[in-house]
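**Q** Here's a structure for you.
2 protein chains.
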Amino acid sequence: MSSKNESDAAALASRLANEHVADVVEVLNGLDPGLAADVLQRMPVRGAAHVLGQPGVDHPQRLIQRMPEETAVAILGAMSADRRVDIFRRLPQPLRKRLAAKLDEPVRRSLLELLSYPPSSAGGIMTTEFVSAAADWTASRTLEHVRSVGAGSETIYAIYVVDPRTLQLSRALSLRQLILSHPQCRVADIGPPRQPVTVSPLTDREEVARLISKYDLLAVPVMDATGRVIGIVTVDDVIDAIVQEDTEDAQKFGGMEALDQPYMQIGFAAMIKKRAGWLCALFLSEMLTASAMQSFQSELERAVVLTLFIPLIMSSGGNSGSQATSLIIRALALRELRLQDWWRVAARELPAGITLGAILGLIGIARITLWQLAGFYDYGPHWRPIALTVGLALIGIVTFGSMSGSMLPLLLKRIGFDPASASAPFVATLVDVSGLVIYFSIAYVILKGTLL
Amino acid sequence: MSSKNESDAAALASRLANEHVADVVEVLNGLDPGLAADVLQRMPVRGAAHVLGQPGVDHPQRLIQRMPEETAVAILGAMSADRRVDIFRRLPQPLRKRLAAKLDEPVRRSLLELLSYPPSSAGGIMTTEFVSAAADWTASRTLEHVRSVGAGSETIYAIYVVDPRTLQLSRALSLRQLILSHPQCRVADIGPPRQPVTVSPLTDREEVARLISKYDLLAVPVMDATGRVIGIVTVDDVIDAIVQEDTEDAQKFGGMEALDQPYMQIGFAAMIKKRAGWLCALFLSEMLTASAMQSFQSELERAVVLTLFIPLIMSSGGNSGSQATSLIIRALALRELRLQDWWRVAARELPAGITLGAILGLIGIARITLWQLAGFYDYGPHWRPIALTVGLALIGIVTFGSMSGSMLPLLLKRIGFDPASASAPFVATLVDVSGLVIYFSIAYVILKGTLL
């Protein structure tokens, strides 16, 4: 490293000392990783750990890899447990082992335990630093305890009251309740006598987010099978989880795998891979439209005029399906809808599809009539039955689109898939093939003997 | 009301007394509004206000409308300011006026002020109850103050230190910092000397959510033009705002207006209205495909075989566009991307589109070749140039889809619209019309003199 870079790093480190940690992260993200690692090393260990522990840091593992191992271990050791495990997950296996071996024994044990949970579970995003109090303590003793251990805890706003013998969770207390209660009151008697809201380490983070949001909690305790608290998930982690889940859902709905990385940062090849898979699958399914059209070829040759409306009719089915799908996916994600409600959804989407299809059908008939009568285009002597065919096909296809678009996410959930995989392109493809069949069948019935 | 119902209500009210407020809300949501209003009236006023103040209550205005006005005023008066204004917004105008007139003067003033801000702004979701401390107070005096006013404040976890003369905000303190600092320390000296993160009452709630999430805050103060704090937005409101914004974005991306109500609760006519608008607009635009096909009618009649691939080719353009659009909308929502980066997006999407198009094009050519050689279908003597036409058209259309799908949200944002309005169906429609022109142009060049 040149002395120019060294002085840069020192100057930056001192300039950043009083900035908000989120702003420090933004500055570091803009630097070359080597320089950023250098700046971090020049900060006090606790400060560096606080910065590197922010979820907004891009590729924190690259900064760790660029530090002397002793510094890396010191910073990782001073970090909150949930962020530490997050960074360890991203380190290459040999370095991960070497660094873990150098951590203090209790830290190492907590790390290995957290690493054993899936990253999208409560265990995978929880931290093991939280405040607990024995049920027979008074409020003032508990507050003293909060003061003494507070600096090392991720949050002190939730205090977990445990049975002093069994260590089982008996009550969850907010710091607010503690402060507002009488100093001599036993903590077991503060607040209403109610089982606290808890999750298991394998609870999905989406469910954790839903509980925290529903009960307006600042943290939710994670309980093992014996009823002891092994960690907590805090509200800030949950916001990050909600944003990430919604991003995944949005990208899946767009018809691709979730990127898992910011758009501008993911590599070109990785992005192509995530997009090409679904695109090819949809393309292969959509090939059925070519097969469907091939089987109607004699009709097509006799009535080329029918082909004019194929894109119009097919896209309307796809659009109504896309509307229904986005409604149902979101209603499922927000738990407004349960799987058993499928028939209530069907009972809404059937009349909705018929109504919407009838609106479009009327517009379609009006369009053909207008063009014909005004002389913009000549649809031939049979323009009236052709217009009727288009109108009826629109009712049929829009209804089919709304029905299949709303049932698909429910079906996917039923068979254990993510309902968000029912993307707009997926539904459109599904509707396209059946839409062609509906269109040509209606045409066959109406135009048989005249055009066909 | 029958005496049966009366005893039901009394029994329910006492059974719910010890339940978590979120669970009480669930029970009330399942009741007939008349009975739910009756249960609420039988609870202590503060308890009823706490329950009715939960954002999860369905149609709280209906419960208020079913109570005697005195009870309604008492409950509304005891409610947190942000929820009170939320309910008032939904009340019919005459009742709103009558109830407001009966509120205590300070409550009424706060209500009218909050009502003056747009519901999606910081002012519209803030509460006016927060804890502030004078800059010359000690930590222990401030803690005493928190204890005395705590019960009436939405949150006591953020304390705003103001200049005792000008009342301007000088520091934001967390309860954690207060508790962990020395009792005789001046509050102005606690924590790093840094300007607190603030918003103005007109800041959009999406931006408020971004700041709270970025800086891991439990609340953000809302400051007026003179630098005084007029309210705070808390993290639980922000989670609700994030969830609501993401729901709106998902529904818009599905090609409709945001419902603003849960799917199972919105009325049938209201839902049709929200869906029919976009569906008709898309249908009218998609009519251009019929016009495009009409202008190629002589080619179509000479080469009906070309029509077989129209749905396949058009849908591929729509699918690639939908992928690109969902990526860019989400990147914009997460502030990963700024408007000025449009050319960097274009520089990614152009090669991505060509690559993805080439992959699909090769599959398409392979499909036609295979079907022809295996004898599944006879595309005629010119099947080779037809396969080439399909392959090249796929490259052109997928590239066009990726480019227009990625540029459309940026363009919408540039001209002041919500980028999330660039829905999957919108992009598909855009690509369909141009896709037809691309397909027939390529066909014309390649097949001229042979098939055309």
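Taken in sequence, the protein lines are chains A and B.
Mapped onto the working numbering, the consecutive letters of the first sequence carry residue numbers 28 to 479.
Mapped onto the working numbering, the consecutive letters of the second sequence carry residue numbers 28 to 479.
From the three backbone atoms N, C-alpha and C, an ideal C-beta is built for every residue, glycine too.
If you're wondering where the values come from, they're calculated on a predicted model, not measured in any experiment.
1. Below 8 angstroms on C-beta distance, what does LYS300 (chain A) contact in chain B?
2. From VAL331 (chain B) to LEU361 (chain B), what does the alpha carbon distance come to, in whole angstroms?
3. Which residues in chain A sit within 8 angstroms of LEU339 (chain B), going by Cβ to Cβ distance?
4. In three-state terms, what does DSSP make of THR24 (chain A)?
5. Who are the Cβ neighbours of PHE410 (chain B) in its own chain at under 7 angstroms, not counting the five residues just before and after it?
6. Can you confirm whether PHE280 (chain B), when its beta carbon is compared against all beta carbons of chain A, has any partner nearer than 8 angstroms?
7. Closer than 8 angstroms, Cβ to Cβ, to anything on chain B: give me those residues from the segment 204 to 220 of chain A, in chain order.
8. Residues in the segment 170 to 198 of chain A with C-beta within 7 angstroms of chain B's C-beta atoms, listed in sequence order?
9. Check VAL66 (chain B) in the structure and name its three-state DSSP category.
10. Check whether chain A comes within 8 angstroms of GLN324 (chain B), counting only Cβ atoms and requiring the distance to be less than that.
11. CA-CA distance, ASP35 (chain B) and ARG42 (chain B)?
12. So, are the CB atoms of ASP85 (chain A) and ASP264 (chain A) less than 8 angstroms apart?
13. Measuring CB to CB, does GLN278 (chain A) end up less than 8 angstroms from ALA285 (chain A)?
14. What number of angstroms, rounded off, separates the C-alpha of GLU272 (chain A) from the C-alpha of VAL454 (chain B)?
15. Going straight from the alpha carbon of GLY179 (chain B) to that of GLU156 (chain B), what length do you get?
16. Using DSSP with H/G/I as helix, E/B as strand and the rest coil, what is ARG117 (chain B)?
17. Is GLY462 (chain B) helix, strand or coil by DSSP?
18. Can you pull the chain A residues whose beta carbon is under 7 angstroms from the beta carbon of ASP273 (chain B), in chain order?
19. By DSSP, does GLN195 (chain A) sit in helix, in strand, or in coil?
20. So which residues on chain A does PHE336 (chain B) lean against when the C-beta distance must stay under 8 angstroms?
21. Indicate whether at least one CB of chain A lies closer than 8 angstroms to the CB of MET28 (chain B).
22. Is there a C-beta anywhere in chain B that falls below 8 angstroms from the one on LEU437 (chain A)?
23. For ALA99 (chain A), which of A:GLY83, A:SER347, A:ARG116, A:LEU122 has the nearest alpha-carbon?
24. Answer with yes or no whether the minimum CB distance from LEU364 (chain B) to chain A is below 8 angstroms.
25. Would you mind sorting LEU335 (chain A) into buried or exposed? The rule is 16 or more other CB atoms within 10 Å of its CB.
26. Check each candidate in B:GLU53, B:VAL48, B:GLU234, B:MET298 and name the one with the smallest Cα separation from HIS77 (chain B).
27. Alpha carbons only, please: which of A:LYS124, A:PRO87, A:PRO95, A:ARG93 is nearest the one belonging to MET21 (chain A)?
28. Beta-carbon separation of SER167 (chain A) and GLN120 (chain A) under 8 angstroms?
29. Going along the chain, which residues of its own chain have a beta-carbon closer than 7 angstroms to the beta-carbon of LEU387 (chain B), five neighbours each way excluded?
30. Distance check for ARG125 (chain A) and MET28 (chain A), CA to CA, integer angstroms please.
31. Can you list, in chain order, the residues of its chain whose CB lies under 6 angstroms from that of ALA63 (chain B), leaving out five sequence neighbours each side?
32. In three-state terms, what does DSSP make of LEU200 (chain A)?
33. Mind listing, in chain order, the continuous alpha helix (DSSP H) runs of no fewer than 4 residues lying wholly within the segment 109 to 181 of chain B?
34. Do VAL52 (chain A) and GLY74 (chain A) have their beta-carbon atoms positioned less than 8 angstroms apart in this structure?
35. Mind pulling the chain B residues with CB within less than 7 angstroms of HIS47 (chain A)?
36. Who pairs with PRO248 (chain A) in a beta bridge, going by DSSP?
**A** On the basis of the coordinates in this document:
1. Against the first sequence, residue 300 (chain A) aligns to sequence position 273. Neighbours of LYS300 (chain A) on chain B: none; closest Cβ ~11 angstroms, over 8 angstroms.
2. What you label residue 331 (chain B) is simply residue 304 of the second sequence in a count that begins at 1. What you label residue 361 (chain B) is simply residue 334 of the second sequence in a count that begins at 1. Each residue's CA atom was taken as its position, placing VAL331 (chain B) and LEU361 (chain B) some 47 angstroms apart.
3. Along the second sequence, read from residue 1 onward, the residue named residue 339 (chain B) stands at position 312. Within 8 angstroms Cβ-Cβ: PHE310, GLU313, MET314, THR316, ALA317.
4. Lying outside 28 to 479, the shown extent of chain A, residue 24 (chain A) is not represented and no answer is given.
5. Mapped onto the second sequence, residue 410 (chain B) falls at position 383. Checking the displayed sequence, the identity of residue 410 (chain B) turns out to be Trp instead of Phe. Cβ neighbours of TRP410 (chain B) beyond the five flanking positions: ILE395, GLN399.
6. On the second sequence, position 253 is the one that residue 280 (chain B) refers to. Yes - at least one Cβ of chain A is within 8 angstroms of the one on PHE280 (chain B).
7. Cβ contacts with chain B come from ILE206, LEU207, PRO219, PRO220.
8. So the list reads VAL173, ARG174, GLY177, ALA178, ILE183, TYR184, given in the order they occur along the chain.
9. The sequence position of residue 66 (chain B) within the second sequence is 39, counting from 1. Three-state result, VAL66 (chain B): helix.
10. Position 297 of the second sequence holds residue 324 (chain B). Judged by the 8 angstroms Cβ criterion, GLN324 (chain B) is in contact with chain A.
11. For this step, residue 35 (chain B) is matched to residue 8 along the second sequence. For this step, residue 42 (chain B) is matched to residue 15 along the second sequence. Going by the C-alpha atoms only, they are around 10 angstroms apart.
12. The residue you call residue 85 (chain A) lines up with position 58 of the first sequence. The residue you call residue 264 (chain A) lines up with position 237 of the first sequence. Cβ distance not < 8 angstroms, so ASP85 (chain A) and ASP264 (chain A) don't count as in contact.
13. Locating residue 278 (chain A) in the first sequence gives position 251, counting from the first residue. Locating residue 285 (chain A) in the first sequence gives position 258, counting from the first residue. Their beta carbons are under 8 angstroms apart, which means GLN278 (chain A) touches ALA285 (chain A) by this criterion.
14. Here residue 272 (chain A) refers to the residue found at position 245 when the first sequence is read from its first residue. Here residue 454 (chain B) refers to the residue found at position 427 when the second sequence is read from its first residue. If I take the Cα positions, the gap works out to 24 angstroms.
15. Position 152 of the second sequence, counting from 1, holds the residue named residue 179 (chain B). Position 129 of the second sequence, counting from 1, holds the residue named residue 156 (chain B). When rounded, the distance between both Cα atoms is 7 angstroms.
16. Along the second sequence, one-based indexing puts residue 117 (chain B) at 90. ARG117 (chain B) falls in the helix class under three-state DSSP.
17. The count along the second sequence starts at 1 and reaches residue 462 (chain B) at position 435. Three-state result, GLY462 (chain B): helix.
18. Locating residue 273 (chain B) in the second sequence gives position 246, where the first residue counts as 1. By Cβ distance, chain A contributes ASP273.
19. Taking the first sequence and counting its residues from 1, the one referred to as residue 195 (chain A) is at position 168. In the structure shown, GLN195 (chain A) sits in a strand (DSSP, three-state: E or B).
20. What you label residue 336 (chain B) is simply residue 309 of the second sequence in a count that begins at 1. ALA317, listed in chain order.
21. In the second sequence, counting from the first residue as 1, residue 28 (chain B) sits at position 1. Annotation note: pLDDT 44 at MET28 (chain B) (below 50); position unreliable, no value reported.
22. Here residue 437 (chain A) refers to the residue found at position 410 when the first sequence is read from its first residue. Judged by the 8 angstroms Cβ criterion, LEU437 (chain A) is not in contact with chain B.
23. Residue 99 (chain A) sits at position 72 when you count from the first residue of the first sequence. The option with the nearest alpha carbon to ALA99 (chain A) is A:LEU122.
24. Indexing the second sequence from 1 puts residue 364 (chain B) at position 337. Yes, because at least one Cβ of chain A sits closer than 8 angstroms to the Cβ of LEU364 (chain B).
25. Translated into positions along the first sequence, residue 335 (chain A) becomes position 308. Burial call: buried.
26. One-based indexing of the second sequence puts residue 77 (chain B) at position 50. HIS77 (chain B) has its Cα closest to that of B:VAL48, out of B:GLU53, B:VAL48, B:GLU234, B:MET298.
27. Residue coverage of chain A in this structure runs from 28 to 479, which leaves residue 21 (chain A) outside it and unanswerable.
28. The sequence position of residue 167 (chain A) within the first sequence is 140, counting from 1. The sequence position of residue 120 (chain A) within the first sequence is 93, counting from 1. No, Cβ-Cβ distance for SER167 (chain A) and GLN120 (chain A) is not below 8 angstroms.
29. The sequence position of residue 387 (chain B) within the second sequence is 360, counting from 1. Closer than 7 angstroms at Cβ, skipping near neighbours: SER343, LEU421, VAL425.
30. Position 1 of the first sequence, counted from the start, is the residue given in the question as residue 28 (chain A). Position 98 of the first sequence, counted from the start, is the residue given in the question as residue 125 (chain A). Confidence is the limiting factor: at MET28 (chain A) the pLDDT is only 44, short of 50, which leaves the residue's position unreliable, though a coordinate-based value still follows. The straight-line gap from Cα to Cα measures roughly 25 angstroms.
31. By 1-based counting over the second sequence, the position of residue 63 (chain B) is 36. For ALA63 (chain B), same chain residues with a beta-carbon under 6 angstroms away, outside a window of 5 residues either side, are LEU55, LEU90 in chain order.
32. The sequence position of residue 200 (chain A) within the first sequence is 173, counting from 1. Of the three classes helix, strand and coil, the one that applies to LEU200 (chain A) here is strand, per DSSP.
33. 120 to 129, 132 to 142, 149 to 152, 166 to 176
34. If you number the first sequence from 1, residue 74 (chain A) lands on position 47. If you number the first sequence from 1, residue 52 (chain A) lands on position 25. No, the Cβ-Cβ distance between GLY74 (chain A) and VAL52 (chain A) is not below 8 angstroms.
35. Within the first sequence, the letter at position 20 stands for residue 47 (chain A). Under the 7 angstroms cutoff, chain B gives ARG221, TYR242.
36. Position 221 of the first sequence holds residue 248 (chain A). A:ILE259, per the DSSP bridge assignment.
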